[in-house]
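Visitor:
Now the structure itself:
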């Protein structure tokens with residue numbers, strides 16, 4: 426019987442994964458989650474013991490899950506379409522014959538690990554992956570920063586976290602007499618400053634790490650994880666086809682733009698009294 430050892434579409438790498446007989450004791454089944462600009466990404470990774478181990482569920486579930494938490498993990502997702510293809514060779518030759526458009530990396534800290542059940546022969550686990558900036562949501566502090574720009578304040582806060590970060594700013598930011606963090610988490614504090622001054626943040630995944638990028642212009646969003654031999658990202662251009670087409674790559678079949686607006690109306694209970702108070706305070710006539 427001819428066996429094809431086709432490469433998996435989803436693989437992982439992490440010091441958290443135990444090794445048994447030279448093989449990883451857990452392999453990925455499913456990855457799902459969400460990621461966006463100005464959001465902390467959140468992924469759920471489901472794993473099981475590989476079939477080659479022939480574990481019963483009870484024998485394959487003896488892991489110290491607490492030891493997983495705090496370690497980094499990288500997922501490698503093979504992208505569909507526009508790769509190399511040789512008819513009749515579904516991954517032969519060490520998997521080099523048929524490859525997709527490239528590999529997308531998703532890295533994060535394991536912030537939770539739990540046993541979620543078992544099937545007939547496997548124990549199943551779920552790991553939660555979040556960015557290192559998630560750690561900044563766990564601390565609350567009170568600080569005063571004097572004669573510093575918003576950028577300098579944000580840098581001072583992030584200096585307490587020894588992880589990869591990069592700022593891509595083109596605007597000039599003034600020094601402020603006082604900037605106060607009052608009973609806020611580090612995350613709440615720096616994101617409040619970012620929102621006030623028009624600074625965004627997102628994450629880039631490459632080389633087995635995720636990097637915080639904070640920026641104030643569209644040029645900060647770089648093309649990463651380039652398509653093999655083509656010099657562009659596998660997601661740099663995504664084709665559009667009507668629903669129902671069978672295309673050997675990811676594509677868009679529908680797009681529905683939406684919009685919304687918000688209005689805040691605040692009515693003064695005593696506008697005449699407010700006018701009088703403001704006039705006395707500023708020493709000039711005031712009109713609302």
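Numbering (the numbering used here), first residue to last: 426 to 713.
Heads up, the beta-carbon is just placed ideally off N, CA and C, and yes, glycines get one too.
Note that the structure is a prediction, hence the values are computed from the model and not measured.
Measuring CA to CA, which of 452, 643 and 597 is closest to residue 473?
Guide: 452
Visitor: So, is residue 492 buried or exposed, given that buried needs 16 or more other C-beta atoms within 10 angstroms?
Guide: exposed
Visitor: Considering only residues of the stretch 443–505, which uninterrupted beta strand (DSSP E) runs meet the minimum length of 3 residues and lie entirely inside it, listed in chain order?
Guide: For the stretch 443–505, the full-length beta strand (DSSP E) segments reaching 3 residues or more read 452–459, 467–473 and 497–504 along the chain.
Visitor: In whole angstroms, what is the alpha-carbon distance linking residue 668 and residue 674?
Guide: The alpha-carbon atoms of residue 668 and residue 674 are separated by roughly 14 Å.
Visitor: I'd like to check one pair, residue 564 with residue 535: are the Cβ atoms closer than 9 Å?
Guide: no
Visitor: Grab the span of the beta strand (DSSP E) containing residue 539 for me, first residue to last.
Guide: 527–543
Visitor: Rounded to whole angstroms, how far is the Cβ of residue 599 from the Cβ of residue 465, which I believe are closer than 8 Å?
Guide: At roughly 29 Å, the Cβ-Cβ gap does not stay under 8 Å, so residue 599 and residue 465 are not in contact.
Visitor: Write down the C-beta distance between residue 630 and residue 530 rounded to the nearest angstrom, noting that I regard them as a contact closer than 8 Å.
Guide: 4 Å
Visitor: Thinking just about the alpha-carbon of each residue, which of 447, 577, 471 and 461 is nearest to the one in residue 454?
Guide: 471
Visitor: Measure the CB-CB distance between residue 628 and residue 615 and report whether it falls below 9 Å.
Guide: no
Visitor: In angstroms with no decimal places, state the Cα-to-Cα distance between residue 523 and residue 434.
Guide: With a pLDDT of 49 at residue 523, under the threshold of 50, the modelled position of this residue cannot be trusted, and the question is left open.
Visitor: Taking the C-alpha atoms as reference points, what is the distance between residue 490 and residue 440?
Guide: 13 Å
Visitor: Give the straight-line distance between the Cα atoms of residue 662 and residue 677, rounded to the nearest whole angstrom.
Guide: 11 Å
Visitor: Please classify residue 672 as buried or exposed, where buried requires at least 16 other C-beta atoms within 10 Å of its C-beta.
Guide: That one is exposed.
Visitor: Taking residue 487 as the reference, which of 442, 586 and 613 has the closest Cα?
Guide: 442
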